[in-house]
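First to last, the protein sequences are chains A and B.
Numbers 34 to 371, taken from my numbering, label the letters of the first sequence in order.
Numbers 34 to 371, taken from my numbering, label the letters of the second sequence in order.
We put the CB at the ideal spot given by N, CA and C, even for glycine.
Here the structure comes first, spelled out in structure tokens, and everything after it is commentary.
There are 2 protein chains.
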Amino acid sequence: MIKLFDVAIFGATGAVGQELVSCLAKRDFPIKSLRAFASSASIGKTIAYGSELVQVESTENANLDCDIAFLSAGATQSRLVAPKVLEHGGVVIDNSSAFRMDDHVPLVVPEINGDRLTRGTRLIANPNCTAAITLMAVHPLRSLGKVKRLVMSTYQSASGGGAKLMHELEEQTEAALAGVAVVPKVISQPYAFNLFSHNTPINEHGYNDEEWKVIAEARKILGMPDLAVGVTCVRVPVLRAHSIALTIEFDGRAPTEEAVRAALQSAPGVTVVDDRANNHFPMPIEASGQGDVFVGRIRPDLSHPSAINLFIVGDQLLKGAALNAVQIAEEMIARDLI
Amino acid sequence: MIKLFDVAIFGATGAVGQELVSCLAKRDFPIKSLRAFASSASIGKTIAYGSELVQVESTENANLDCDIAFLSAGATQSRLVAPKVLEHGGVVIDNSSAFRMDDHVPLVVPEINGDRLTRGTRLIANPNCTAAITLMAVHPLRSLGKVKRLVMSTYQSASGGGAKLMHELEEQTEAALAGVAVVPKVISQPYAFNLFSHNTPINEHGYNDEEWKVIAEARKILGMPDLAVGVTCVRVPVLRAHSIALTIEFDGRAPTEEAVRAALQSAPGVTVVDDRANNHFPMPIEASGQGDVFVGRIRPDLSHPSAINLFIVGDQLLKGAALNAVQIAEEMIARDLI
Numbered sequence: 034m035i036k037l038f039d040v041a042i043f044g045a046t047g048a049v050g051q052e053l054v055s056c057l058a059k060r061d062f063p064i065k066s067l068r069a070f071a072s073s074a075s076i077g078k079t080i081a082y083g084s085e086l087v088q089v090e091s092t093e094n095a096n097l098d099c100d101i102a103f104l105s106a107g108a109t110q111s112r113l114v115a116p117k118v119l120e121h122g123g124v125v126i127d128n129s130s131a132f133r134m135d136d137h138v139p140l141v142v143p144e145i146n147g148d149r150l151t152r153g154t155r156l157i158a159n160p161n162c163t164a165a166i167t168l169m170a171v172h173p174l175r176s177l178g179k180v181k182r183l184v185m186s187t188y189q190s191a192s193g194g195g196a197k198l199m200h201e202l203e204e205q206t207e208a209a210l211a212g213v214a215v216v217p218k219v220i221s222q223p224y225a226f227n228l229f230s231h232n233t234p235i236n237e238h239g240y241n242d243e244e245w246k247v248i249a250e251a252r253k254i255l256g257m258p259d260l261a262v263g264v265t266c267v268r269v270p271v272l273r274a275h276s277i278a279l280t281i282e283f284d285g286r287a288p289t290e291e292a293v294r295a296a297l298q299s300a301p302g303v304t305v306v307d308d309r310a311n312n313h314f315p316m317p318i319e320a321s322g323q324g325d326v327f328v329g330r331i332r333p334d335l336s337h338p339s340a341i342n343l344f345i346v347g348d349q350l351l352k353g354a355a356l357n358a359v360q361i362a363e364e365m366i367a368r369d370l371i
Numbered sequence: 034m035i036k037l038f039d040v041a042i043f044g045a046t047g048a049v050g051q052e053l054v055s056c057l058a059k060r061d062f063p064i065k066s067l068r069a070f071a072s073s074a075s076i077g078k079t080i081a082y083g084s085e086l087v088q089v090e091s092t093e094n095a096n097l098d099c100d101i102a103f104l105s106a107g108a109t110q111s112r113l114v115a116p117k118v119l120e121h122g123g124v125v126i127d128n129s130s131a132f133r134m135d136d137h138v139p140l141v142v143p144e145i146n147g148d149r150l151t152r153g154t155r156l157i158a159n160p161n162c163t164a165a166i167t168l169m170a171v172h173p174l175r176s177l178g179k180v181k182r183l184v185m186s187t188y189q190s191a192s193g194g195g196a197k198l199m200h201e202l203e204e205q206t207e208a209a210l211a212g213v214a215v216v217p218k219v220i221s222q223p224y225a226f227n228l229f230s231h232n233t234p235i236n237e238h239g240y241n242d243e244e245w246k247v248i249a250e251a252r253k254i255l256g257m258p259d260l261a262v263g264v265t266c267v268r269v270p271v272l273r274a275h276s277i278a279l280t281i282e283f284d285g286r287a288p289t290e291e292a293v294r295a296a297l298q299s300a301p302g303v304t305v306v307d308d309r310a311n312n313h314f315p316m317p318i319e320a321s322g323q324g325d326v327f328v329g330r331i332r333p334d335l336s337h338p339s340a341i342n343l344f345i346v347g348d349q350l351l352k353g354a355a356l357n358a359v360q361i362a363e364e365m366i367a368r369d370l371i
């Protein structure tokens, strides 16, 4: 008999929340009951789960008794909700940055470090989207040599800023095409036909929050606390998939292009898109809505004998968020931990 | 008495050609006469030069006698036109890739290697846009240490593909917002809210033409034939300024952030935009229409003790093309070579 679970989604009406509901339905997640929580502005709305309609509830004074809670309402909400769910004996899979760097909380991409899920794991952090997507292409290459340094430049989509930033990009672009001036609302940078350094605060080293997360989370997920990571995070006018230009330096001579291609081709969750003759490589528009991370531009870095280059594209809302969270829950079930 | 020159522009109706005319007018270039040449499709059109209107002429059977010819009609046209102008004793400033790697032709960014313009120079190549813009930020740092390696990821605008690609980006975006499907015309990749690996052929090393040009031209302009250059060229949905995320590795310890900032602040043609408190860094929308190259995100690369990071944005049609060409002519005049 298949075990069924009482599942709760927090932040159910957001961009990631909606994809969570959709992933659960598409993947036939073993659900006994589904509850959807959101901020007071969304109370009264309904969420479609397959053919069912789920009423959106308020978190306040709610009974938070459930088997699995997916948290996707921001770090502040996560810090409030997680302890209550854990108190009731539920498992928490948190999409925010609240617990990611907590030593006692595993930060998991199932294909990479699913083995960090063990007896007693009740709170699991879902990684930063850019880190998760990039590492899906890095991890399969660790069998070919010791990875020493990553140098990354990102091309991040609007979806990383939520549904409202996606809407802002469309709205501003429409106005720009009509020749109408628009005042940015969600973020201060103009977004139509423009790009800008990631809109998060800059620390004393000159790195923004997003870059800082990518460095710390890459080290934690790979279990390589000394991994050298250079990263520049940039927001581009793309709707929902992140791209990363990556240089990987190995300790010693780089593996051959053929070995890299073979390792990526056999990696679960990775699709190689590397058609040089037709100039067809990973593109956000083709990766959008896809669970796999697309990898191409596989080639030696001619500027360093230890380095190879890749171009990686993944759906920010799926492998970068909702899909990975659901996969964590599935891995917990497969390991008989829930 | 100021010397005045007979000037001819080839490809005068293209995106770069129009900016050439505009740069000459804005900079009060010492013109005696201005002639505008274009393909047969544009014959009969006129070009506004200040308050004057210049009739567009056909290159065929034309008298190509002039003092200075700016060529901007592609490499094939340049190979046809350049010898004829030179034959008449004119100076040729060529915006195409036709002669850039010719050992006898200087490839010039005046702020960097204007001293390559010497007695007898009659044919000068104007560099690839990405190379010119990037090197404007690299060159001022050479006084701080020996540059050993550049690792670049580009965010290139539609203007690099000419006026027709800029139009295609707007047209496709308008259709996407209206929910209408469009078949790409100018290039095969969909462009609305999308990005893609630079749409030029891939060589046997896995590098596209644009990347190959950047590597070769950077070495030639800097006079460093062994400079290590790793580069990934990507086209983004931006109209007319190119951005570059750059890691510069020095031989030995990297210069301090303060020294880098000071060197860039005093460099001609460079504007430092590096306001961490307000998250304000170089953006294509602000660099468009500006002659200076904008540089920001100045910081140590924490992944390597010899490296620093920069984010560079420059108008592809100005410093990346037309402005630099006009500056070459001005430098020739200042050096009394024309």
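query                                                                                                                                                                            : result
Output the distance between the C-alpha atoms of Lys117 of chain B and Asp325 of chain A, rounded to the nearest integer angstrom.                                               : 56 Å
So if I threshold CB-CB distances at 7 Å, which residues from the region 311-325 of chain A count as touching chain B?                                                           : Asn312, Phe314, Met316, Pro317, Ile318
Identify every residue that forms a DSSP beta bridge with Asp127 of chain B.                                                                                                     : B:Leu104, B:Ala158
In three-state DSSP terms, what is Met134 of chain A?                                                                                                                            : coil
Residues of chain A with a CB under 9 Å from the CB of Arg275 of chain B: which are they?                                                                                        : At residue 275 of chain B the sequence reads His, which differs from the Arg that was named. Here the premise fails: no neighbours, minimum Cβ distance about 11 Å.
By the criterion of Cβ-Cβ separation under 7 Å, what are the contact partners of Val184 of chain A in chain B?                                                                   : Val184, Thr280, Ser336
Excluding the 5 residues flanking Phe4 of chain B on each side, which residues of the same chain have their C-beta closer than 7 Å to its C-beta?                                : Look at the range of chain B in this structure, 34 to 371, and you will see that residue 4 of chain B is not part of it.
DSSP three-state call for Gly256 of chain A: helix, strand or coil?                                                                                                              : coil
Do Phe229 of chain A and Gly271 of chain A have their beta-carbon atoms positioned less than 9 Å apart in this structure?                                                        : Reading off the sequence, residue 271 of chain A comes out as Val, not Gly. No; because the gap between Cβ atoms is not below 9 Å, this pair is not in contact.
Could you please give the first and the last residue of the uninterrupted beta strand (DSSP E) stretch that includes Gln88 of chain B?                                           : 85-91
Cutting at 6 Å between CB atoms, please list the residues of its own chain near Val269 of chain A, excluding the five before and the five after it.                              : Tyr188, Leu228
Check distances from the C-beta atoms of the region 164-177 of chain A to those of chain B and list, in chain order, the residues that come in under 9 Å.                        : none
Does the separation of the CB atoms of Phe181 of chain B and Asp284 of chain B fall below 9 Å?                                                                                   : For the record, residue 181 of chain B in the displayed sequence is Lys; it is not Phe. It is a contact, given that the beta carbons lie within the stated cut-off.
Which whole-angstrom value describes the C-beta separation of Phe43 of chain A and Ala131 of chain A, a residue pair presumed to lie in contact below a C-beta threshold of 8 Å? : At roughly 12 Å, the Cβ-Cβ gap does not stay under 8 Å, so Phe43 of chain A and Ala131 of chain A are not in contact.
Are there three or more Cβ pairs, one per stretch, closer than 8 Å when the region 292-299 of chain A is compared with the region 195-204 of chain A?                            : no
Could you have a look at Lys218 of chain A and say whether DSSP puts it in helix, strand or coil?                                                                                : coil
Looking only at its chain, what residues have a beta carbon closer than 6 Å to the beta carbon of Val138 of chain A, apart from the 5 residues adjacent to it on each side?      : Phe132, Leu156, Ala158
If you draw a straight line from the alpha carbon of Ala41 of chain B to that of Ala102 of chain B, how long is it in whole angstroms?                                           : 5 Å
Could you name the residues of chain A that Arg332 of chain B contacts, counting a contact when the two beta carbons are closer than 8 Å?                                        : His238, Gly239, Tyr240
Which bits of chain B does Thr206 of chain A rub up against, with CB to CB less than 7 Å?                                                                                        : Thr206, Leu210
Give the single residue among B:Gln349, B:Arg112, B:Ala71 whose Cα lies nearest to the Cα of Gly47 of chain B.                                                                   : B:Ala71
Rounding to the nearest angstrom, what Cα-Cα distance links Gly50 of chain B and Asn96 of chain B in this structure?                                                             : 20 Å
Let me see if you follow: with CB-CB separation under 9 Å, is Glu290 of chain A close to chain B or not?                                                                         : yes
Counting only beta-carbon atoms, is Phe283 of chain A nearer than 9 Å to chain B?                                                                                                : no
Sorted by chain position, which residues of the same chain lie with C-beta nearer than 7 Å to Thr154 of chain A's C-beta, five sequence neighbours on each side aside?           : Pro139, Leu370
Which partner residues of Gly263 of chain A appear in the DSSP bridge assignment?                                                                                                : A:Val184
Identify which residue in A:Gly193, A:Pro223, A:Val219 has its Cα closest to the Cα of Thr206 of chain A.                                                                        : A:Pro223
For Lys253 of chain B, does the count of other Cβ atoms within 10 angstroms reach 16, so buried, or fall short, so exposed?                                                      : buried
How many angstroms separate the CA atom of Glu85 of chain B from the CA atom of Ala74 of chain B?                                                                                : 22 Å
Taking only the alpha-carbon atoms, compute the straight-line gap between Ser192 of chain A and His275 of chain A and give it to the nearest angstrom.                           : 9 Å
How many whole angstroms separate the CB atoms of His337 of chain B and Ala69 of chain A, which I take to be in contact at a CB cut-off of 8 Å?                                  : So it is not a contact: roughly 47 Å between Cβ atoms.
Mapping the DSSP letters down to three states, classify Ser230 of chain A as helix, strand or coil.                                                                              : strand
Counting only Cβ pairs nearer than 8 Å, list the residues of chain A close to Phe70 of chain B.                                                                                  : What Phe70 of chain B touches in chain A: nothing, since even the nearest Cβ is about 31 Å away.
Are Leu302 of chain B and Met169 of chain B closer than 9 Å when you measure CB to CB?                                                                                           : The identity of residue 302 of chain B in the sequence shown is Gly, whereas the question assumes Leu. Yes; because the gap between Cβ atoms is below 9 Å, this pair is in contact.
Would you check if the region 207-221 of chain A and the region 237-257 of chain A touch, i.e. whether three or more CB-CB distances between them fall below 8 Å?                : no
Hey, how far is the Cα of Gly147 of chain A from the Cα of Glu364 of chain A?                                                                                                    : 7 Å
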